[in-house]
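Input: a single structure, listed below in structure tokens.
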Amino acid sequence: MNSPAGRLHVLTDVATQQRFGHLELARLAAAGGADVVQLRDKQLRSTRVLIEQAGAITEALAEHTCDLIVDDRVDVALACGAGVHLGRDDLPVALARRILGLDVVIGGTANSLAEAVAVARSGVDYLGVGPIYGTRSKANPAPEMGLATLAAIVDAVDVPVVAIGSITPERIADVMGTGAHGIAVLSAVVADPDPAAATARCREALDAALARRTA
Numbered sequence: 000m001n002s003p004a005g006r007l008h009v010l011t012d013v014a015t016q017q018r019f020g021h022l023e024l025a026r027l028a029a030a031g032g033a034d035v036v037q038l039r040d041k042q043l044r045s046t047r048v049l050i051e052q053a054g055a056i057t058e059a060l061a062e063h064t065c066d067l068i069v070d071d072r073v074d075v076a077l078a079c080g081a082g083v084h085l086g087r088d089d090l091p092v093a094l095a096r097r098i099l100g101l102d103v104v105i106g107g108t109a110n111s112l113a114e115a116v117a118v119a120r121s122g123v124d125y126l127g128v129g130p131i132y133g134t135r136s137k138a139n140p141a142p143e144m145g146l147a148t149l150a151a152i153v154d155a156v157d158v159p160v161v162a163i164g165s166i167t168p169e170r171i172a173d174v175m176g177t178g179a180h181g182i183a184v185l186s187a188v189v190a191d192p193d194p195a196a197a198t199a200r201c202r203e204a205l206d207a208a209l210a211r212r213t214a
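Per numbering that gives the first Met the number 0, the sequence shown starts with residue 0, numbered consecutively.
What follows is the structure in structure tokens.
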């Protein structure tokens, strides 16, 4: 990865589709060029099963230049040596940092400019910001953020900003045009019959957008 945040995050999801499990999605995303696989399972309550899945993903990703970040669960991240992404209802960043240590990647979530500024000051390594174009993957999503607010957040904080929320390959150029560090995708990959190819399309669009920054 170019920074602790990574440029291309792919979130695994088994609630909106049943064709692929977390491990298979992780392997396919890594093969397609993801920098980060984010293990996301809002329904699984078994800590043991989640740790087993995270451990298997960690082993699979060792073959690639791709890292694992676990959504919400600091205990699971600690057990398998992964990073963690925290929402507003999860453990405070300071406590997660005390548990995981200084070298572990911790991400935070922000749905507004004010929240982004506050979370950035809490000690996170990166911000997950959105939903940029809305989202269908959450039951009670925050309002659509839009590109103008994303750009304002990028200007206001001093940590990498990873944009999320119905981002498709066709939208990546506009998203990256705000100065965002990277993107996180879910439906664009997991809803595709070929998640590896879908990840590769996102990678191609992302790399092209980054190349335009330095042209």
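Yeah, the Cβ is synthetic: ideal placement off N, Cα and C, and Gly gets one too. No experiment lies behind these values; they were computed from the predicted model shown.
- Message: Can you tell me whether Ala52 is helix, strand or coil according to DSSP?
- Response: Stepping through the sequence shown from its first residue, residue 52 is reached at position 53. It is worth fixing the name first, because residue 52 is Gln in this sequence and not Ala. In the structure shown, Gln52 sits in a helix (DSSP, three-state: H, G or I).
- Message: If distances are taken between C-alpha atoms only, which option among Arg47, Val116, Gln42, Ala81 comes closest to Ile61?
- Response: Here residue 61 corresponds to residue number 62 of the sequence shown, with the count starting at 1. This sequence places Ala at residue 61; Ile is not what is there. Closest by alpha carbon: Ala81.
- So, is Leu49 buried or exposed, given that buried needs 16 or more other C-beta atoms within 10 angstroms? Residue mapping note: residue 49 aligns to position 50 of the sequence shown, counting from 1. When all chains shown are included, Leu49 counts as buried.
- Task: State the DSSP-derived secondary structure class of Val103, mapped to helix, strand or coil.
- Result: Reading the sequence shown from its first residue, position 104 is the one you call residue 103. Residue state, collapsed to three classes: coil.
- Item | Residue range of the alpha helix (DSSP H) that includes Val156 | Within the sequence shown, the letter at position 157 stands for residue 156. Here Val156 belongs to no alpha helix (DSSP H), and DSSP marks it neither H nor E.
- Task: Give every residue of the same chain whose Cβ lies closer than 6 Å to the Cβ of Gln52, excluding the five residues on either side of it in the sequence, and list them in chain order.
- Result: Within the sequence shown, numbered from 1, the residue matching residue 52 stands at position 53. Cβ within range, chain order: His21.
- In this structure, does DSSP put Leu10 in helix, strand or coil? Residue 10 sits at position 11 when you count from the first residue of the sequence shown. Looking at Leu10 - three-state DSSP - the assignment turns out to be strand.
- Message: Quick check: the Cα distance between Ser121 and Cys65, rounded to an integer number of angstroms?
- Response: Residue numbering aside, residue 121 sits at position 122 when the sequence shown is read from its first letter. Residue numbering aside, residue 65 sits at position 66 when the sequence shown is read from its first letter. Going by the C-alpha atoms only, they are around 26 Å apart.
- Contact between the segment 126–134 and the segment 90–99: three or more CB pairs below 8 Å? no
- Label Gln37 either buried or exposed according to how many other C-beta atoms from any shown protein chain fall within 10 Å of its C-beta, with 16 as the threshold for buried. Counting from 1 along the sequence shown, the entry for residue 37 is found at position 38. By the neighbour-count rule (16 or more Cβ atoms within 10 Å), Gln37 is buried.
- Query: Using a Cβ-Cβ cut-off of 6 Å (strictly less than) and excluding sequence neighbours within five positions of Ala155, which residues of its own chain qualify?
  - Reply: Here residue 155 is taken as the residue at index 156 of the sequence shown, counted from 1. Val116.
- Excluding the 5 residues preceding and the 5 following Ala78 in the sequence, name in chain order all residues of the same chain whose CB lies nearer than 8 Å to its CB. Sequence index remark: in the sequence shown, residue 78 carries index 79 (1-based). These residues qualify, in order along the chain: Ile50, Ala53, Gly54.
- Residue from Thr198, Val158, Gly145 whose Cα sits closest to the Cα of Thr167: The residue given as residue 167 occupies position 168 in the sequence shown. Thr167 has its Cα closest to that of Thr198, out of Thr198, Val158, Gly145.
- Message: Taking the alpha carbon of Asp102 as the reference point, which residue from Asp206, Ala208, Ala4 has its own alpha carbon closest?
- Response: The residue given as residue 102 occupies position 103 in the sequence shown. Residue Ala4 is the option with its Cα nearest to Asp102.
- Message: Quick check: the segment 141–160 against the segment 182–201, are at least 3 beta-carbon pairs closer than 8 Å?
- Response: no
- Task: Name the residue from Met144, Arg6, His63 whose alpha carbon lies nearest to the alpha carbon of Ala30.
- Result: The residue you call residue 30 lines up with position 31 of the sequence shown. The residue with the shortest Cα to Cα distance from Ala30 is His63.
- Query: Contact check, Ala76 vs Val69 under 8 Å by CB: the rounded distance?
  - Reply: Residue 76 sits at position 77 when you count from the first residue of the sequence shown. Residue 69 sits at position 70 when you count from the first residue of the sequence shown. The Cβ separation is near 4 Å, so the contact holds.
- Query: For Ala14, which option in Arg170, Arg6, His8, Leu24 has the closest C-alpha, if you only look at C-alpha atoms?
  - Reply: As a working note, residue 14 is residue 15 in the sequence shown. Looking at the Cα atoms, Leu24 is the closest of the given residues.
- Item | N-terminal and C-terminal residue of the beta strand (DSSP E) that His180 is part of | As a first step, residue 180 must be located in the sequence shown, where it is residue number 181. That residue, His180, is in no beta strand (DSSP E); it is neither H nor E in DSSP.
- Item | Secondary structure of Val123, DSSP reduced to three states | Locating residue 123 in the sequence shown gives position 124, where the first residue counts as 1. The answer is coil: DSSP assigns Val123 none of H, G, I, E or B.
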